[in-house]
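**Student:** Sharing a structure with you now.
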């Protein structure tokens, strides 16, 4: 037993390298909720509209759509871990500087910096797991890597509020960057190269565009479902804080609500994942989409803690479909699992964010409740794609 523990912590062991990748995932995603947490503050201080606030997410989506496939392709061709080292550092700088922005232009720049850092980390982070662990341990290793990221996202709003309440906004970037700098230095010293425990080749078999096209024509219904899902999730995280802030909530309360949403997401993924394994992924996906829409409509119609409860339930449910859609997509193209995952998780997330600026404009013209009505409607729009031939023929 002691020898096994010793091997786990040896720098050349797969367990040690997986721990480093998972730690990087946690710290990179620890800044994921900084933008929605500070959105009410930016609107009040800079005097921007909801359309301008929504464009932050739209811009973020553009960055991920453009950069993630390219960076993922490049990371597959190199064993140098510079992306997973620099990514969290750039993410931290961008996210912590957002609330300090003196103008809308600066805020947009820092949002872009945050998005670029996140786009740098995730492709090599996910792909790196497959390179540092043996094939027989890949599934459980990816699960541990995902849990680390989810833990970071869940803690993100509370971390943002804690930094403001302890060191203040001006010192927040200085304090927040210390752990990612130390982790980056430690990673560079102990893992200068990603190994190939899995035995898979680094270079992809085909070019980026040809691989993307061949996979997309098969899994496009899942991509569409995922894009609508991500738009609903981001819509709640972006505009529900604006609604409760307008009703008098402070930044601490906003951060707490976002924490509850992500905590609910973490718990619901476990529960709904087991339900999908028991009753079938496709049937579970359809039922959950319908239930999440009903909860979001109920939250929009209610007020106070009742509204918060329904928004937490609805958003947690719709977010919990992520592993279901990822599993269906991978089973549809078993020889291109990495590309399939990037399409139904990375690309769809970018597309979902593109809709935030139009949603914000609707809020400016007709009120925040009009925007939340559209957000609540979104999960129902996935039903036509559930009836497409590729989805119906997919394995359950």
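Residue numbers (my numbering): 332 to 727. Glycine residues also receive a C-beta, built at the ideal position from the N, C-alpha and C atoms.
If you measure between the beta carbons of residue 389 and residue 678, is that distance less than 8 Å?
**Tutor:** In this structure, residue 678 does not lie closer than 8 Å to residue 389 by Cβ.
**Student:** Please say whether residue 606 and residue 596 have beta carbons closer to each other than 8 Å?
**Tutor:** Result no, Cβ atoms of residue 596 and residue 606 do not sit closer than 8 Å.
**Student:** Per DSSP, what kind of secondary structure is residue 695 in: helix, strand or coil?
**Tutor:** Note: residue 695 maps to helix in three-state DSSP.
**Student:** For residue 523, which of 622, 463, 690 has the nearest alpha-carbon?
**Tutor:** With distances taken between Cα atoms, residue 523 lies closest to 463.
**Student:** Roughly how many angstroms separate the alpha carbons of residue 703 and residue 689, rounded to a whole number?
**Tutor:** Straight-line Cα distance between these residues: approximately 12 Å.
**Student:** Cα-Cα, which of 544, 435, 365, 472 is closest to residue 664?
**Tutor:** Per the Cα distances, 544.
**Student:** Out of 431, 601, 599, which one is the CA nearest neighbour of residue 500?
**Tutor:** It is 431 whose Cα lies nearest to the Cα of residue 500.
**Student:** Helix, strand or coil for residue 643 per DSSP?
**Tutor:** Residue 643 falls in the helix class under three-state DSSP.
**Student:** Secondary structure at residue 380, three-state DSSP: helix, strand or coil?
**Tutor:** Here residue 380 sits in coil by DSSP.
**Student:** Which value, in whole angstroms, describes the spacing of the CA atoms of residue 725 and residue 608?
**Tutor:** If you take the alpha carbons of residue 725 and residue 608, they lie about 15 Å apart.
**Student:** Which residue's Cα is closest to the Cα of residue 515: 358, 709, 700?
**Tutor:** It is 358.
**Student:** Here's a check: name, in chain order, each residue in its chain whose Cβ is nearer than 7 Å to the Cβ of residue 623, leaving out the five neighbours to either side.
**Tutor:** Hits under 7 Å: 645, 648, 649, 710.
**Student:** How many Å lie between residue 628 and residue 540 at the Cα?
**Tutor:** If I take the Cα positions, the gap works out to 40 Å.
**Student:** Just verifying my parser: in three-state terms, what is the DSSP assignment at residue 522?
**Tutor:** Reduced to three states, the DSSP call for residue 522 is coil.
**Student:** Where does residue 411 sit, in a helix, a strand or coil, going by DSSP?
**Tutor:** Residue state, collapsed to three classes: coil.
**Student:** When the Cα atoms are used, what is the spatial distance from residue 715 to residue 376?
**Tutor:** Straight-line Cα distance between these residues: approximately 42 Å.
**Student:** Could you say if the stretch 625-643 and the stretch 577-594 meet the contact criterion of at least three C-beta pairs nearer than 8 Å?
**Tutor:** With the cut-off at 8 Å, the stretch 625-643 and the stretch 577-594 touch.
**Student:** Out of curiosity, what's the CA-to-CA distance linking residue 369 and residue 720?
**Tutor:** Those two C-alpha atoms are separated by around 43 Å.
**Student:** Apply the 10 Å Cβ neighbour rule to residue 593 and answer buried if 16 or more other Cβ atoms are within range, or exposed otherwise.
**Tutor:** Residue 593 comes out buried.
**Student:** Measure the beta-carbon distance from residue 479 to residue 354 and round it to whole angstroms, keeping in mind my assumption that it falls under 8 Å.
**Tutor:** Sure, about 7 Å apart at Cβ, within 8 Å.
**Student:** Sort 631, 693, 620, 612 by Cα distance to residue 657 and report the nearest one.
**Tutor:** Of the listed residues, the one whose Cα sits closest to residue 657 is 612.
**Student:** Hey, residue 452 and residue 424 are a contact pair by Cβ (cut 8 Å); roughly how many whole angstroms apart?
**Tutor:** Their Cβ separation, rounded to whole angstroms, is 13 Å, which puts residue 452 and residue 424 out of contact at 8 Å.
**Student:** Rounded to a whole number of angstroms, what is the C-alpha to C-alpha distance between residue 600 and residue 437?
**Tutor:** Spanning the two alpha carbons is a distance of roughly 36 Å.
**Student:** Can the beta-carbon of residue 443 be found closer than 8 Å to that of residue 361?
**Tutor:** In this structure, residue 361 does not lie closer than 8 Å to residue 443 by Cβ.
**Student:** Residue 520: buried (16+ other C-beta within 10 angstroms of its C-beta) or exposed?
**Tutor:** Exposed is the call here.
**Student:** Between residue 546 and residue 671, is the Cβ-Cβ spacing less than 8 Å?
**Tutor:** Yes. Within cutoff.
**Student:** In whole angstroms, what separates the C-alpha of residue 337 from that of residue 350?
**Tutor:** Below a pLDDT of 50, predicted positions are generally treated as unreliable, and residue 337, at 40, falls in that range; no measurement from the model is reported.
**Student:** Comparing C-alpha positions only, which one of 681, 566, 620, 495 sits nearest to residue 691?
**Tutor:** Taking only the C-alpha atoms, the option nearest residue 691 is 566.
**Student:** So, helix, strand or coil for residue 465, using DSSP?
**Tutor:** In this structure, residue 465 counts as coil in the three-state DSSP scheme.
**Student:** Using a threshold of 8 Å, state whether the C-beta atoms of residue 550 and residue 674 are closer than that.
**Tutor:** Their beta carbons are under 8 Å apart, which means residue 550 touches residue 674 by this criterion.
**Student:** For the candidate residues 508, 555, 505, 492, whose alpha-carbon lies nearest to that of residue 660?
**Tutor:** Ranking 508, 555, 505, 492 by Cα distance to residue 660 puts 555 first.
**Student:** Residue 582 and residue 492 look like a contact to me (Cβ under 8 Å); what is the Cβ gap, rounded to whole Å?
**Tutor:** Contact flag correct, Cβ pair sits at about 6 Å.
**Student:** If you check the beta carbons only, do residue 392 and residue 569 fall under 8 Å apart?
**Tutor:** Result no, Cβ atoms of residue 392 and residue 569 do not sit closer than 8 Å.
**Student:** When you compare each of 634, 456, 439, 398 to residue 412 by their alpha carbons, which one comes out closest?
**Tutor:** For the residues 634, 456, 439, 398, the minimum Cα distance to residue 412 belongs to 456.
**Student:** I'd like the span of the alpha helix (DSSP H) that includes residue 363, first residue to last.
**Tutor:** First-last for residue 363: undefined, no H or E at that position.
**Student:** Among residues of its own chain, excluding the 5 on either side of residue 553, which ones have a beta-carbon nearer than 6 Å to its beta-carbon?
**Tutor:** Within the same chain, residue 553 has close Cβ partners 656, 659, 660, 675.
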